[in-house]
Amino acid sequence: MRNRRLRSFSIVLFVLAQCAWFSLLGLFVYRFFIARNMASQIEGQFSIQLDSTSNSLFILVGGCILYVAVSVAMAVIFKNLSSQLRLTGMYDTFIANVTHELKSPLASITLYLETFKMRDVPSKQRNEFIDTMLKDANRLNNLISAILKISALEQKKELFEVQIHTADKIIPTLIEEIRVQFKLTDDALRLQGSAPHKCVVDPNALYIVFNNLVDNSIKYTLNSPAININLSSTSKNILVEFSDNGIGIPVKEQKKMFRKFHRIENKNVPNVQGTGLGLYWVNEIIKFHVGSIRVQSEGLGHGTTFVIKLPIYQLSKTRYLNKMLKWTNRKRRQQEKIYDSAAIESAKDFSR
Amino acid sequence: MTAQQSNQQKILVVEDEESLAFGLQFNLQAEGYHVVCAHDGREALNLVSVEPFDLIILDIMLPFYDGFQITEKIRASSPQLPILMLTARAKIEEKVRGLECGADDYMIKPFHLDELLARIKGMLRRKTWYQKSMHDQPTFSFGENVIDFATLDCQAGKKRFKLTPHEAMMLKYLIERENRIVSRKELLENVWDISSEVETRTVDNFIVRLRKYFEPNPKKPIYIKSVRSAGYIFSSLP
Chain A
3 MRNRRLRSFS
13 IVLFVLAQCA
23 WFSLLGLFVY
33 RFFIARNMAS
43 QIEGQFSIQL
53 DSTSNSLFIL
63 VGGCILYVAV
73 SVAMAVIFKN
83 LSSQLRLTGM
93 YDTFIANVTH
103 ELKSPLASIT
113 LYLETFKMRD
123 VPSKQRNEFI
133 DTMLKDANRL
143 NNLISAILKI
153 SALEQKKELF
163 EVQIHTADKI
173 IPTLIEEIRV
183 QFKLTDDALR
193 LQGSAPHKCV
203 VDPNALYIVF
213 NNLVDNSIKY
223 TLNSPAININ
233 LSSTSKNILV
243 EFSDNGIGIP
253 VKEQKKMFRK
263 FHRIENKNVP
273 NVQGTGLGLY
283 WVNEIIKFHV
293 GSIRVQSEGL
303 GHGTTFVIKL
313 PIYQLSKTRY
323 LNKMLKWTNR
333 KRRQQEKIYD
343 SAAIESAKDF
353 SR
Chain B
328 MTAQQSNQQK
338 ILVVEDEESL
348 AFGLQFNLQA
358 EGYHVVCAHD
368 GREALNLVSV
378 EPFDLIILDI
388 MLPFYDGFQI
398 TEKIRASSPQ
408 LPILMLTARA
418 KIEEKVRGLE
428 CGADDYMIKP
438 FHLDELLARI
448 KGMLRRKTWY
458 QKSMHDQPTF
468 SFGENVIDFA
478 TLDCQAGKKR
488 FKLTPHEAMM
498 LKYLIERENR
508 IVSRKELLEN
518 VWDISSEVET
528 RTVDNFIVRL
538 RKYFEPNPKK
548 PIYIKSVRSA
558 GYIFSSLP
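If you read the protein sequences in the order shown, they are chains A and B.
All residue numbers for the first sequence refer to the working numbering, where the first residue is 3 and numbers rise by one.
All residue numbers for the second sequence refer to the working numbering, where the first residue is 328 and numbers rise by one.
Take a look at the structure:
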């Protein structure tokens, strides 16, 4: 609330500043013409030649350019600042969500440990409690690594290992892994279509993308989930379409969905646990692969479709993809070198 | 068994974290309470509307309705049902908001089991005392004031208003000990739980509020008088 007020205040201030600035520009031009008129009048009266036309024209044009340049710079700074401000607001919601997410499993673990301390728990229940604690510890771990990974991704530290893969092979393999992970039946997760093209991807990163999309579909489906994945291709791109029978997404939220820390606040949407980082991350990974992702939903109650576009290796942006491949290979060689030297070192140690 | 069950106090646990709800249920059952669990706001309100509970343990971040909304809805129909908020939000504003909505107590996750159980015990003890006392004397009048302790409706002269559960409890406690000095400590222990983070100043604030409601001139009280360095004394006949 306070943030919103601050934002509207800074917008008003920015508009006022720009108005003032352009009035100043107007005054500058006005003064220039007045001066010129006066000069020509003086010239007429005293029949002398004032050699100022070329000079003053230079001042007029130069002055105008400088004015506009300052104004553009102001606009750019304002845009950056306001996006920073928006991020701060979202960061607050993120902290609130993460606090809830971190503290709930922690509270659960503490509760069970204190229960053990306070009571004699029957052995059957003891095992059940221990399983629950392990599950909560696992949840904590997942959340913490998700937060750590996102900051690594931010600094492009995430070690993507792109390779050339055939879409028809790698995508079904990944989907199968997802099916096993979420224990989904053939009806709940169905893969159709084909795309017999090569693409340059990191299977681990793509797994994160599919994992997030399927996880969201399951979380936001009130009945039993039915997720359809359709594989197809256009002349330049491989298309992966994810559709579900979930609760859908309000139209006005669709644009904001991929923003960092964004969470949908709607009474009809069940308050599912999350950090607002999943889809942001998905978008970042797809962007890294020179692809794009968009969402389609006719609103609440109509299901959701995510469409992922990945460029076909042979046709699109070959240079960029080749660069990515080279980068991966170089990184691998460096790593091998490190391993080799380490092996030599340890061999030396051993021989001593 | 049935007789024992009918004596058992019934607690509703509203918590969307299944593991936490299960752990709470186990512990509360071990303490001899009858426990019912709800996993979201709608379920909680449905349950409250169909069966009576002695106490509610309420999470704030819940699907459909959050803890604040639930508290407000429950307070509209049953002003005296003790509500204990249990939440991960540690901000002081959240706490104040929870108490303003009508929650009786507030605990921050992760909490200590023994402290939680002690607070529940205290809340239930106060509820039992209040109900017994209300049963013996459902309404009370002094001067121009009439108080209905069941609905918490009050009439002071021409003014009509509703007391909060704590205000009602405090007034009831003073009335029961009419013409006797009641210390702040005694009030804290019996109206609030001593383990709550309420200071003696809170007692004074509540007294100020009660005087504003019922005294003809709150600055010169005739019903609720202060006794220096001892506490307060209530008398219905000035």
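Glycine residues also receive a C-beta, built at the ideal position from the N, C-alpha and C atoms.
Can we say the region 173–186 of chain A touches the region 208–222 of chain A, given the rule of at least three CB pairs closer than 8 Å? yes
Let me see if you follow: with CB-CB separation under 8 Å, is residue 121 of chain A close to chain B or not? Locating residue 121 of chain A in the first sequence gives position 119, counting from the first residue. Yes, residue 121 of chain A counts as interfacial toward chain B.
Anything in chain B within Cβ reach of residue 116 of chain A, meaning under 7 Å, just list it in chain order. Start at 1 with the first residue of the first sequence, and residue 116 of chain A comes out as number 114. The contacting residues are 439, 440.
Neighbour list for residue 533 of chain B in chain A, Cβ cutoff strictly below 9 Å: For this step, residue 533 of chain B is matched to residue 206 along the second sequence. Those within 9 Å of residue 533 of chain B in chain A number zero; the least Cβ separation is about 30 Å.
Hey, quick one: how far does the alpha helix (DSSP H) through residue 443 of chain B stretch, first residue to last? Counting from 1 along the second sequence, the entry for residue 443 of chain B is found at position 116. Run containing residue 443 of chain B: 440–463, per the alpha helix (DSSP H) assignment.
Can you give me the start and stop residues for the beta strand (DSSP E) that residue 408 of chain B sits inside? Taking the first residue of the second sequence as position 1, residue 408 of chain B is located at position 81. Run containing residue 408 of chain B: none; DSSP gives neither H nor E here.
According to the Cβ coordinates, are residue 342 of chain B and residue 351 of chain B closer than 8 Å? Looking up residue 342 of chain B in the second sequence gives position 15. Looking up residue 351 of chain B in the second sequence gives position 24. Cβ atoms of residue 342 of chain B and residue 351 of chain B: closer than 8 Å.
Within 8 Å of any Cβ in chain A, is that where the Cβ of residue 557 of chain B sits? Mapped onto the second sequence, residue 557 of chain B falls at position 230. With 8 Å as the cut-off, residue 557 of chain B does not count as an interface residue toward chain A.
Any beta carbon of chain A sitting closer than 8 Å to that of residue 415 of chain B? Residue numbering aside, residue 415 of chain B sits at position 88 when the second sequence is read from its first letter. For residue 415 of chain B, the answer is yes, since a Cβ of chain A falls inside 8 Å of its Cβ.
Using a cut-off of 8 Å between C-beta atoms, extract the partners of residue 98 of chain A located in chain B. Position 96 of the first sequence holds residue 98 of chain A. Those are 416, listed as they occur along chain B.
Quick one: complete beta strand (DSSP E) runs, 3+ long, within the region 95–177 of chain A? 165–168
For chain A, check one thing: does any of its Cβ atoms lie closer than 8 Å to the Cβ of residue 355 of chain B? Within the second sequence, residue 355 of chain B is the residue found at index 28, counting from 1. Chain A, which has no Cβ nearer than 8 Å to the Cβ of residue 355 of chain B, makes this no.
Taking 7 Å as the line, does the beta carbon of residue 543 of chain B fall inside it for any heavy atom of the ligand SAH? The ligand SAH is absent from the structure shown, which contains no ligand whatsoever.
Can you confirm whether residue 547 of chain B, when its beta carbon is compared against all beta carbons of chain A, has any partner nearer than 8 Å? Working through the second sequence from its first residue, we reach residue 547 of chain B at position 220. So no, residue 547 of chain B is outside the interface.
Can you have a look at residue 436 of chain B and say buried or exposed, based on whether 16 or more other CB atoms are within 10 angstroms of its CB? Taking the first residue of the second sequence as 1, we reach residue 436 of chain B at position 109. Looking at its Cβ environment, which holds 16 or more other Cβ atoms inside 10 Å, residue 436 of chain B is buried.
Between residue 516 of chain B and chain A, is there a C-beta pair that is closer than 8 Å? The sequence position of residue 516 of chain B within the second sequence is 189, counting from 1. Cβ-Cβ to chain A under 8 Å: no for residue 516 of chain B.
Which of the three DSSP states, helix, strand or coil, is assigned to residue 194 of chain A? What you label residue 194 of chain A is simply residue 192 of the first sequence in a count that begins at 1. Correct three-state label for residue 194 of chain A: strand.
What are the boundary residues of the beta strand (DSSP E) that residue 230 of chain A is part of? The residue given as residue 230 of chain A occupies position 228 in the first sequence. Taken as a continuous stretch (DSSP letters only), the beta strand (DSSP E) holding residue 230 of chain A covers 229–235.
With distance defined between alpha-carbon atoms, name the residue in A:40, A:44, A:73, A:165 nearest to residue 333 of chain A. Locating residue 333 of chain A in the first sequence gives position 331, where the first residue counts as 1. If we check each option's Cα against that of residue 333 of chain A, A:165 comes out closest.
Specify the secondary structure class of residue 358 of chain B as computed by DSSP and reduced to three states. Indexing the second sequence from 1 puts residue 358 of chain B at position 31. Coil.
Contact with chain A by residue 359 of chain B, beta-carbon distance below 8 Å: Here residue 359 of chain B refers to the residue found at position 32 of the second sequence. So no, residue 359 of chain B is outside the interface.
DSSP three-state assignment for residue 341 of chain B, whether helix, strand or coil: Here the question's residue 341 of chain B lines up with position 14 in the second sequence. Strand, per DSSP.
Ordered along the chain, which non-local residues of its own chain (more than five positions away) have a Cβ less than 6 Å from that of residue 558 of chain B? In the second sequence, counting from the first residue as 1, residue 558 of chain B sits at position 231. Cβ neighbours of residue 558 of chain B beyond the five flanking positions: 508, 509, 510, 511.
If you measure beta-carbon to beta-carbon, which residues of the region 341–352 of chain B are closer than 8 Å to chain A? 343, 344, 346, 347, 349, 350, 351
Buried/exposed call for residue 11 of chain A, threshold 16 Cβ in 10 Å: For the purposes of this step, residue 11 of chain A is identified with residue 9 of the first sequence, where counting begins at 1. When all chains shown are included, residue 11 of chain A counts as exposed.
Is the beta carbon of residue 245 of chain A less than 8 Å from the beta carbon of residue 330 of chain A? In the first sequence, residue 245 of chain A corresponds to position 243, counting from 1. In the first sequence, residue 330 of chain A corresponds to position 328, counting from 1. No.
Provide the residue span of the beta strand (DSSP E) that contains residue 472 of chain B, from first to last. Numbered from 1 along the second sequence, position 145 holds the residue referred to as residue 472 of chain B. Residue 472 of chain B -> beta strand (DSSP E) spans 472–475.
May I ask you to verify whether the region 93–102 of chain A touches the region 59–69 of chain A, counting CB pairs closer than 8 Å and requiring at least 3? no
Have a look at the DSSP bridge pairing and note the partners of residue 385 of chain B. Numbered from 1 along the second sequence, position 58 holds the residue referred to as residue 385 of chain B. Partner(s): B:341, B:412.
Through-space distance from residue 87 of chain A to residue 16 of chain A, alpha-carbon basis: By 1-based counting over the first sequence, the position of residue 16 of chain A is 14. By 1-based counting over the first sequence, the position of residue 87 of chain A is 85. For residue 16 of chain A and residue 87 of chain A, the distance between alpha carbons rounds to 14 Å.
Report yes or no: is there a C-beta of chain B within less than 8 Å of the C-beta of residue 94 of chain A? On the first sequence, position 92 is the one that residue 94 of chain A refers to. Answer no: the Cβ-Cβ gap between residue 94 of chain A and chain B never drops below 8 Å.
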